[in-house]
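Chains as they are written, first to last, in this note's numbering: chain A, 1 to 280; chain B, 1 to 314.
Read through the structure below, which is laid out as structure tokens, and then see the notes.
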Amino acid sequence: MNTFLARASRHVGFQVGAVLLLLFVGTALVSLLWTPHPIDALNMRTKLMPSSAVYLLGTDHLGRDVLSRIMVGAQTSITVGLIAVAIGLTIGVALGAWAAARGGWVDEALSRTSDLIFAFPAVLIAILITSVLGASAQNAILAIAIFNIPVFARVTRGAALSMWSRDFIRAATAMGQGPVGITLRHVLPNIASVLIVQATIQFAVAILAEAGLSYLGLGAQPPVPSWGRMLRDAQTYIFQAPELAVWPGLAIALAVLGLNMLGDGLRDLLDPRLRLLRVG
Amino acid sequence: MIEFLSRRLAAALVTLALATVVVFAVVEVLPGDPALVMLGTDARPDTLAAIRAKYGFDQPLLTRYLQWIGGLLTFNLGNSHAYGTSVAKLISDRLVVTLPLGAMALSWATLVAIPLGVFAAWKHRRPGDWGVMGFTQIGISVPNFWFGIVLVLAFAVTWQWFPAGGFPGWQEPLKSVHALILPALSLSLGEIAILTRVTRSAMLDTLREDYVRTARAKGAPERVVLFRHALRNALIPVTTVAGLIAGFLVAGAVIIESVFRLPGVGQLVYDSINNRDLVVIKNVVILFTILVLTVNLLVDLAYALLDPRPRVRA
Chain A
1 MNTFLARASR HVGFQVGAVL LLLFVGTALV SLLWTPHPID ALNMRTKLMP
51 SSAVYLLGTD HLGRDVLSRI MVGAQTSITV GLIAVAIGLT IGVALGAWAA
101 ARGGWVDEAL SRTSDLIFAF PAVLIAILIT SVLGASAQNA ILAIAIFNIP
151 VFARVTRGAA LSMWSRDFIR AATAMGQGPV GITLRHVLPN IASVLIVQAT
201 IQFAVAILAE AGLSYLGLGA QPPVPSWGRM LRDAQTYIFQ APELAVWPGL
251 AIALAVLGLN MLGDGLRDLL DPRLRLLRVG
Chain B
1 MIEFLSRRLA AALVTLALAT VVVFAVVEVL PGDPALVMLG TDARPDTLAA
51 IRAKYGFDQP LLTRYLQWIG GLLTFNLGNS HAYGTSVAKL ISDRLVVTLP
101 LGAMALSWAT LVAIPLGVFA AWKHRRPGDW GVMGFTQIGI SVPNFWFGIV
151 LVLAFAVTWQ WFPAGGFPGW QEPLKSVHAL ILPALSLSLG EIAILTRVTR
201 SAMLDTLRED YVRTARAKGA PERVVLFRHA LRNALIPVTT VAGLIAGFLV
251 AGAVIIESVF RLPGVGQLVY DSINNRDLVV IKNVVILFTI LVLTVNLLVD
301 LAYALLDPRP RVRA
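What follows is the structure in structure tokens.
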């Protein structure tokens with residue numbers, strides 16, 4: 001761990017990523033307790049105001065404080081991203097580890113299924129799901145999670161397969177340990193770094209996906225603030241209040257940039273030979 | 001090679017068949033009563049019954065599925081609930097916007113990304129490389145629809161060089177191309193970033209090869225080494241990824257067309273969701289799937305042509 005910290009202190013990308021992530025999570029946490037203004041206080045007299053000392057980032061078309069809404073929007077991004085990645089990680093790792101341990105038809109079926117899911121672009125899966133089940137944050141989470149499952153399944157399978165051919169796992173098999181025990185005790189702990197890095201990258205992808213879906217009106221519904229939705233509303237007033245279209249996009253870009261840099265940094269620090277899946 | 005390609009074609013057809021089952025299940029089985037989805041829960045029983053009869057929702061699932069597949073094979077996709085016109089015509093009218101948009105974005109991405117990637121590999125671990133890598137990091141982090149909005153802010157609101165959105169139609173070709181430039185630029189941003197990274201790492205791999213060292217040793221100019229010896233071989237992984245990206249471009253079009261109010265297939269999907277037009281949605285999704293699978297097949301073909309080594313395992 002100390003060598004990890006020592007190397008981290010020399011990795012600029014990792015540090016920038018970590019600072020951006022702290023800022024992102026910190027903003028969401030602060031917004032739970034305090035925002036400069038109430039997020040849903042409508043006031044038509046203060047609508048579309050430019051930046052000022054009272055409203056640091058100005059106000060939107062309903063006179064609501066943009067900064068406050070961006071702060072609370074961070075909660076939406078984190079919630080949707082975190083839950084979607086957690087679901088994808090849990091199911092994907094289980095399936096991937098199963099395929100690697102069992103081989104044969106399980107492995108084959110899993111590979112074919114993930115090919116099938118990859119044949120649909122992620123946005124389309126999301127659109128299909130939300131068009132049938134209705135637009136909501138939950139359904140956006142579901143759609144993003146479904147796309148995450150095969151990503152984690154593939155990464156886990158690949159990494160786990162290379163573990164199964166190692167001598168210490170052969171030894172464990174020879175000592176009579178079952179596949180479940182070996183997977184939990186030996187395989188998963190040894191591939192954890194791959195999964196951590198992939199999870200960081202997928203978190204970034206999920207935040208982008210959530211922003212895209214809510215931009216289309218398929219994510220979190222009003223009055224819950226979400227960055228994508230704010231951009232959609234801002235576009236309507238792009239000639240009157242161009243600034244409005246800048247801040248939420250900048251927030252998305254910085255959050256995603258932070259996670260991507262952190263992910264790349266972690267990859268360098270944990271295992272420089274890692275190869276990642278990047279699909280989105 | 002023919003065996004390899006026919007095996008790939010068979011795999012794609014199986015995937016497509018499974019995809020139709022999935023789409024059918026999600027659109028027509030999952031919601032319970034598709035008529036309720038289309039009309040909403042406050043619809044009157046007689047209108048619901050009329051819709052069920054009109055779209056055949058009252059028939060057994062298997063019959064409905066086979067009818068749909070039969071329709072897909074004969075390009076008889078039925079009528080849109082919201083527009084009243086034929087879905088096939090609706091889609092083909094929109095493809096003339098979406099396909100040129102995707103093609104522009106992909107060619108632009110390739111034109112920018114390959115030289116950038118070669119440059120970064122050439123300047124490996126020097127400031128030029130860091131600059132390019134920093135740019136790609138930003139490129140994959142900035143949402144393409146926000147980039148589109150920023151382009152509108154700069155080039156449509158501030159300088160008014162380009163329209164903020166809309167599409168005049170191909171009877172005015174110059175204006176139409178003009179209207180597609182900002183959308184294609186925003187669509188290509190993420191793809192440029194990914195393709196640059198792939199080109200760079202493929203170049204770094206080939207630049208380490210013996211034949212590159214040989215070329216340098218015999219005094220070949222750096223330009224020839226980079227482009228004739230190294231890039232030709234690096235193009236193999238680049239083509240694969242470019243193909244994968246083409247699929248995502250099609251999907252990205254849904255959001256970008258919405259940003260620029262382009263009447264393409266993406267906008268059709270978006271409108272169909274709002275209209276709960278299930279007939280259109282299921283056919284467009286399958287169309288997108290066919291597009292992605294076709295592009296992947298073309299990539300396999302290109303791959304086979306670029307890399308003539310015989311393929312033992314597909």
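For glycine and all other residues, C-beta sits at the position ideal for the given N, C-alpha and C.
- For the C-beta of D115(A), the chain B residues within less than 7 Å are, from N- to C-terminus, T15.
- In this structure E3(B) is exposed. Its beta-carbon is surrounded by fewer than 16 other beta-carbon atoms within 10 angstroms.
- Bridge pairing for T59(A): D65(A) [DSSP].
- Only exposed fits T214(B), as fewer than 16 other CB atoms lie within 10 angstroms of its CB.
- Residue-level contact check: L204(B) does not touch chain A, since none of the beta carbons of chain A fall below 8 Å from its beta carbon.
- For W68(B), there are no neighbours in chain A by C-beta distance under 8 Å, as the nearest C-beta there is about 15 Å away.
- In the three-state reduction of the DSSP assignment, N79(B) falls in the strand class, which pools E and B.
- Under DSSP, S86(B) shares a beta bridge with N79(B).
- According to the DSSP assignment, G165(B) belongs to no alpha helix (DSSP H), since it is labelled neither H nor E.
- Nearest CB-CB separation between Q137(B) and chain A: below the 8 Å threshold.
- Taking every protein chain shown into account, the CB of L184(A) has fewer than 16 other CB atoms within 10 angstroms, so this residue is exposed.
- Close partners of F162(B) in chain A (Cβ separation under 9 Å) are lacking, with about 14 Å as the shortest Cβ gap.
- With a threshold of 8 Å between beta carbons, P143(B) makes contact with chain A.
- By the Cβ criterion, the stretch 246–256 of chain B is in contact with the stretch 182–200 of chain B, since at least three pairs of Cβ atoms, one from each stretch, lie closer than 8 Å.
- Using beta-carbon distances, V279(B) does not count as an interface residue toward chain A, since no partner is under 8 Å.
- The three-state reading of DSSP puts Y65(B) in helix, counting H, G and I together.
- Neighbours of P242(A) across chain B, judged by C-beta separation under 7 Å: L153, V157.
- Between A41(A) and L95(A), the C-beta spacing is not below 8 Å.
- For the stretch 168–194 of chain B, the set of positions with a beta-carbon nearer than 9 Å to some beta-carbon of chain A reads G190, I194 in chain order.
- With the criterion set as a beta carbon lying under 8 Å from some beta carbon of chain A, the members of the stretch 227–259 of chain B are L244, G247, F248, V250, A251, G252, V254, I255, S258, V259, in sequence order.
- Rounded to whole angstroms, the gap between the alpha carbons of G84(B) and L62(B) is 25 Å.
- Annotated as distal: V212(B) and I114(B), with beta-carbon spacing of 8 Å or more.
- Here DSSP, grouped into helix, strand and coil, assigns E209(B) to coil.
- For N139(A) and G219(A), the gap between their C-alpha atoms comes out near 8 Å.
- When secondary structure is reduced to three states using DSSP, W227(A) falls in the helix class.
- Contact note: Q138(A) does not reach chain B at a C-beta cutoff of 9 Å; the least C-beta distance is about 15 Å.
- Taking C-alpha positions only, I192(B) is separated from G104(A) by approximately 39 Å.
- When the five nearest sequence neighbours on each side are left out, the beta carbons in the same chain lying within less than 7 Å of the beta carbon of S31(A) are those of M71, V72, A74, Q75, in order along the chain.
- Neighbours of G212(A) across chain B, judged by C-beta separation under 7 Å: P143, F145, I255.
- The Cβ-Cβ distance between S68(A) and T35(A) falls below 8 Å.
- Taking a Cβ-Cβ threshold of 7 Å, none of the residues of chain B is close to G158(A); the smallest such distance is about 17 Å.
- With contacts defined as CB atoms closer than 8 Å, N296(B) and A19(B) fail to qualify as a contacting pair.
- Close to T289(B), with beta-carbon spacing below 7 Å, are these residues of chain A in chain order: A119, F120.
- In this structure L174(B) is not in contact with A109(B), their Cβ atoms being roughly 23 Å apart against a cut-off of 8 Å.
- Against chain B, the beta carbon of Y215(A) has neighbours under 9 Å at P143, F145, W146, I255, S258, V259, listed in chain order.
- Straight-line measurement puts the Cα of V180(A) at about 48 Å from the Cα of A103(B).
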